[in-house]
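In the numbering used here, the protein residues as written are 424 to 540.
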Amino acid sequence: QVQLVESGGGLVQAGGSLRLSCAASGSTVSIKAMRWYRQSPGKQRELVAELSSGGSTNYSPSIKGRFTISRDNAKNTVYLQMNRLKPEDTAVYYCSMTSGIRNVVYWGQGTQVTVSS
424 QVQLVESGGG LVQAGGSLRL SCAASGSTVS IKAMRWYRQS PGKQRELVAE LSSGGSTNYS
484 PSIKGRFTIS RDNAKNTVYL QMNRLKPEDT AVYYCSMTSG IRNVVYWGQG TQVTVSS
């Protein structure tokens, strides 16, 4: 089992920055890919960024060049640095991690990011 706790969301003006954190606890040694998703009201949850266990990254075209995913293995934490935020980035952001030989997917509780124009 893996437990994920997100933090770092909030209200920011357009053009500003936020850094989201997702701390993992439990069976962290078996964690593979780490991902950030977001969901706006009335929209489907979308993948924002992912980081494989080998260190490769993948980003949604809508945020590429503005957001950076990274991890601190010592702290079992994954980050999402968000720069040059836009009102359309407003959403609940969720952390997700894949773990174990059965690739079980775990989710955090979500953190609200609101970007004002």
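Even for Gly, the Cβ is constructed at its ideal location relative to N, Cα and C.
Report yes if the CB atom of residue i is closer than 8 Å to the CB atom of residue j, and no otherwise.
| i | j | result |
| --- | --- | --- |
| residue 519 | residue 482 | no |
| residue 516 | residue 434 | no |
| residue 529 | residue 425 | yes |
| residue 457 | residue 489 | no |
| residue 531 | residue 427 | yes |
| residue 479 | residue 522 | no |
| residue 497 | residue 463 | no |
Going by alpha carbons, who is nearest to residue i out of the options?
| i | options | result |
| --- | --- | --- |
| residue 524 | 433, 442, 451, 427 | 451 |
| residue 506 | 515, 426, 436 | 436 |
| residue 438 | 429, 510, 485 | 510 |
Roughly how many angstroms lie between the CA atoms of residue i and residue j, to the nearest whole one?
| i | j | result |
| --- | --- | --- |
| residue 455 | residue 499 | 12 Å |
| residue 526 | residue 465 | 29 Å |
| residue 429 | residue 484 | 23 Å |
| residue 508 | residue 440 | 6 Å |
Give a yes or no on whether the minimum CB-CB distance between residue i and chain D is below 8 Å.
| i | result |
| --- | --- |
| residue 425 | In the displayed structure, chain D is absent; only one protein chain is listed. |
**Message:** Can you confirm whether the region 529-538 touches the region 465-478 when touching is taken to mean that 3 or more C-beta pairs between the two stretches lie within less than 8 Å?
**Reply:** no
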